[in-house]
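Quick note, the sequences are listed as chains A and B, same order. Under the working numbering, read the first sequence as residues 5 to 160, first letter to last. Under the working numbering, read the second sequence as residues 5 to 160, first letter to last. Every residue, glycine too, gets a C-beta built ideally from N, C-alpha and C. One structure is given here, and the rest of the page talks about it.
2 protein chains.
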Amino acid sequence: MEHDEPASVSDLFWAVARRMRRASRESLAPWEVTPSQLRALGTLMRHGPVRPGTLAGHLGIAPRSATEVVDALEERGLVRRETDPDDRRATLVVVTDPGRDLAAAVRSARASEADRLFAGLDEADRAELERLLRLLLDRTGPAERTLMPVDPGPPG
Amino acid sequence: MEHDEPASVSDLFWAVARRMRRASRESLAPWEVTPSQLRALGTLMRHGPVRPGTLAGHLGIAPRSATEVVDALEERGLVRRETDPDDRRATLVVVTDPGRDLAAAVRSARASEADRLFAGLDEADRAELERLLRLLLDRTGPAERTLMPVDPGPPG
DNA sequence: GAGGTTACTGAGGCAACCTCATGATGAGGC
DNA sequence: GCCTCATCATGAGGTTGCCTCAGTAACCTC
């Protein structure tokens, strides 16, 4: 018996989550970005320049937390803050060239240990897992932390 | 589309994880325990008095982290530390009566929103999810954090 | 009883969230 | 023009759940 046989599905879920976090942190280390930063970067790539608040909506986190991720990305030169010409209170978060490069590098390296973890499943299983996870997300309802309208945005 | 359509299975996984964390924190609030504390308590119930180090093994976390969880549980009066009669360096973590009561109460209330989340799936889907999660755990290998440090030698 | 090992814990750190308060700014009333 | 209220981002500070590193006490072998 290595770990505990997790007693419930949620325990199981957490056990997998812990593994994933460890794995992806390690695999992303060469790039000096964390998983959540990469996630935000990807979202920015897909949705073009958006405000921190909107980004928060996309990521499903509090606006304040988006500020932090943007801080981290900006510090690494991966994004840039620009004043929104339509609203001087707001800023637009723009992906820089280095940011674009990094995102591409990570993607092409497909290096995420987390992905490799999932790659351990065969195609059918992975699809099934995806279906179940999506189902869970839908179940909890789209309207939980979606304070932001989240415009569809242009396809990146 | 509420949030972003998560781009990869890992993103999906994290999205579900975030929901779960939020949900279970809320549902456990009345008892003033956190999910990880409850998990540890459950493990202690199943495995009887064990040392912190052993608990860490069961939970798949570092020994030092087990100390913390035990601290929290002890502070709440849910467990008690006793000196291991066989080894005076070691302590045995023992579930107290209040701890037992709380575990029972939580279980019987079945109140975990996280569980309710999973309960949203029908029987077959839940079983399938469980199978897949277990598969993922096995894939990454039982011997990962089983006993001690696990120093994979991170790049950098 | 020296020397190495093991058990726990103090100190300190980090990631990724959170809430609440504050300072601009925008939008609308009068 | 001015006042008020909503909204945007952010500062300040907190929480959870992990981590490593170093130290101390106790155990174990020779």
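L96 of chain A beta carbon less than 7 Å from that of P53 of chain A: In this structure, L96 of chain A lies closer than 7 Å to P53 of chain A by Cβ.
How big is the Cα-Cα spacing for F17 of chain B and T87 of chain B? C-alpha separation (whole angstroms): 41 Å.
Along chain A, in chain order, which residues have C-beta atoms closer than 8 Å to that of R43 of chain B? D15 and W18, listed in chain order.
Given a cut-off of 7 Å, decide if P102 of chain A and L82 of chain A are closer than it, judged by their beta-carbon atoms. A contact, by the Cβ cut-off of 7 Å.
Host alpha helix (DSSP H) of T71 of chain B (start-end): That run of the alpha helix (DSSP H) goes P67 to E79.
Beta bridge counterpart(s) of R86 of chain A as assigned by DSSP: Residue identity check: residue 86 of chain A is Glu in the sequence provided, not Arg. DSSP lists A:L96 as the bridge partner or partners of E86 of chain A.
Using a C-beta cutoff of 7 Å, does D155 of chain B count as contacting chain A? Legend: pLDDT at D155 of chain B = 29, less than 50; position of this residue unreliable, no value from coordinates given.
For the 8 Å Cβ check, are there 3 or more pairs between the region 35-49 of chain A and the region 57-67 of chain A? At 8 Å Cβ cutoff, the stretches touch.
According to DSSP, what are the bridge partners of V54 of chain B? DSSP, once it has assigned bridges, lists B:V97 as partnering V54 of chain B.
Mind checking whether L106 of chain B and V20 of chain A have CB atoms under 7 Å apart? Between L106 of chain B and V20 of chain A, the CB-CB gap reaches or exceeds 7 Å.
Closest Cα partner of S180 of chain A within the set B:A94, B:R130, B:A109 and B:V99: This structure does not reach residue 180 of chain A, given that chain A is present from 5 up to 160, and the question cannot be answered.
Boundaries (first-last residue) of the alpha helix (DSSP H) holding A33 of chain A: Segment: none, A33 of chain A is in no alpha helix (DSSP H) and carries neither H nor E.
Going straight from the alpha carbon of D91 of chain B to that of R55 of chain B, what length do you get? D91 of chain B and R55 of chain B: Cα-Cα distance of roughly 11 Å.
Expressed to the nearest angstrom, what Euclidean distance is found between the alpha-carbon atoms of E36 of chain B and V110 of chain B? Roughly 11 Å between the two C-alpha positions.
Output, in chain order, the set of chain A residues within a Cβ distance shorter than 9 Å of L137 of chain B. Ordered by position in chain A, the residues that pass the 9 Å Cβ test against L137 of chain B are P10, V13, L16, F17, A19, V20 and L133.
Between L82 of chain B and chain A, is any beta-carbon pair separated by less than 7 Å? Chain A, which has no Cβ nearer than 7 Å to the Cβ of L82 of chain B, makes this no.
Could you round the C-beta distance between P39 of chain A and R26 of chain A to whole angstroms and report it? I think they count as a contact, below 8 Å. Beta-carbon to beta-carbon, P39 of chain A and R26 of chain A are separated by about 11 Å, too far to satisfy the 8 Å threshold.
State buried or exposed for S112 of chain B, treating a residue as buried only when at least 16 other CB atoms are found within 10 Å of its CB. Taking all protein chains shown into account, S112 of chain B has fewer than 16 neighbouring C-beta atoms within 10 Å of its C-beta and is therefore exposed.
Under 7 Å between the Cβ atoms of V73 of chain A and A108 of chain A? The answer is no: Cβ separation not under 7 Å.
What's the gap between the Cα of S31 of chain B and the Cα of L141 of chain A? In this model, S31 of chain B and L141 of chain A are separated by some 18 Å (Cα to Cα).
Can you give me the Cβ contacts of R85 of chain B inside the same chain, cut-off strictly under 8 Å, excluding the 5 residues immediately before and after it? Within the same chain, Cβ atoms closer than 8 Å to the Cβ of R85 of chain B are found at V74, E78, T95, L96, V97 and V98, the five residues on either side in sequence being excluded.
Cutoff 7 Å: L32 of chain A Cβ touching any chain B Cβ: Chain B contact via Cβ: absent.
Top-ranked residue by Cα proximity to R120 of chain B, from B:S14, B:D15 and B:M24: Minimum Cα-Cα distance from R120 of chain B among the listed residues B:S14, B:D15 and B:M24 corresponds to B:M24.
How many whole angstroms separate the CB atoms of L139 of chain A and L125 of chain B, which I take to be in contact at a CB cut-off of 8 Å? The beta-carbon distance between L139 of chain A and L125 of chain B, rounded to whole angstroms, is 7 Å. This is short enough to meet the 8 Å contact definition.
Burial state of A70 of chain B, where buried means 16 or more other Cβ atoms lie within 10 Å: A70 of chain B is buried by the Cβ-count criterion.
Cβ separation of G64 of chain A and R22 of chain B, assumed to be a contact under 8 Å, to the nearest whole Å: Contact between G64 of chain A and R22 of chain B holds: their C-beta atoms lie close to 6 Å from each other, under 8 Å.
Alpha helix (DSSP H) runs wholly inside the region 101-139 of chain B, at least 4 long, in chain order: Runs of the alpha helix (DSSP H) spanning 4 or more residues and lying entirely within the region 101-139 of chain B occur at 101-113 and 117-123, in chain order.
Does L106 of chain A have its Cβ less than 7 Å from a Cβ in chain B? At a cut-off of 7 Å, the C-beta of L106 of chain A has no neighbouring C-beta in chain B.
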